[in-house]
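Chemist:
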Amino acid sequence: MVKNKKIIDELQLFNKAIEDYEKENYMTSYDSFLYVASNSNSTLSNNAKFWLAKHLEFGYGASKNEKKVFEYYSQVYDSKSIYREKARNRYCYYYGIGTDKDESKVRQLYISKLLSN
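Mapping of the sequence shown onto the numbering used here: position 89 corresponds to residue 210, and the numbering continues sequentially without gaps.
(1) Could you compute how far the alpha carbon of Gly219 sits from the alpha carbon of Glu178?
(2) Report, in whole angstroms, the separation of the C-beta atoms of Lys170 and Ser153, which I expect to be a contact under 8 Å.
(3) At what residues does the alpha helix (DSSP H) containing Ile232 begin and finish?
(4) Alpha carbon to alpha carbon, what distance is there between Leu165 and Leu132?
(5) With distances taken between CB atoms, is the gap from Leu235 to Asn210 smaller than 8 Å?
(6) Looking at C-alpha atoms only, which residue of Asn168, Tyr147, Ser237 and Ser233 is the closest neighbour of Lys185?
(7) For my contact list, Asp203 and Asn162 are in at a C-beta cut-off of 8 Å; report their separation, rounded to the angstrom.
(8) Could you spell out the range, first to last residue, of the alpha helix (DSSP H) harbouring Lys185?
(9) Between which two residues does the alpha helix (DSSP H) carrying Thr164 extend?
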């Protein structure tokens with residue numbers, strides 16, 4: 122019973138963090154997503170990592186950090202997150218954000234996406 126309450130509380134915090142992000146309360150939303158990413162089940166954690174990557178990519182509520190952006194987007198892409206298809210891995214490889222530029226990896230990810238549809 123306690124575990125289910127924890128999951129519900131974290132889901133509520135996640136949803137509140139999205140609201141805060143949409144209201145441009147970036148510091149609050151960043152802290153909430155960071156908590157959820159660190160303390161939740163893997164699916165909710167990976168959903169939060171997608172939003173953390175967005176914060177760090179644009180410097181919303183935290184300093185820009187390209188290595189973390191790439192790390193978070195990669196984890197989301199490799200997961201069953203509802204944000205998997207929005208993870209910007211191809212973008213990171215194309216522009217060298219947090220990783221080396223790699224056009225062959227961009228093509229590989231693009232082809233993989235086309236074949237999965």
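Where is the CB? At the ideal position from N, CA and C, for every residue including glycine.
Modeler: Here's the rundown:
(1) Roughly 10 Å separates the two Cα atoms.
(2) Taking a contact as a CB-CB distance under 8 Å, the pair Lys170 and Ser153 does not count as one, their CB atoms being some 13 Å apart.
(3) Looking at the DSSP string, the run of the alpha helix (DSSP H) that includes Ile232 is Glu224 to Ser237.
(4) Distance between the alpha carbons of Leu132 and Leu165: 8 Å.
(5) Going by C-beta atoms, Leu235 is not nearer than 8 Å to Asn210.
(6) Considering only alpha carbons, the answer is Tyr147.
(7) Checking the sequence shown, residue 203 turns out to be Ile, not Asp. With a Cβ gap of about 14 Å, Ile203 and Asn162 do not count as contacting.
(8) Lys185 -> no alpha helix (DSSP H), and no H or E assigned at all.
(9) Residues Ser163 to Phe179.
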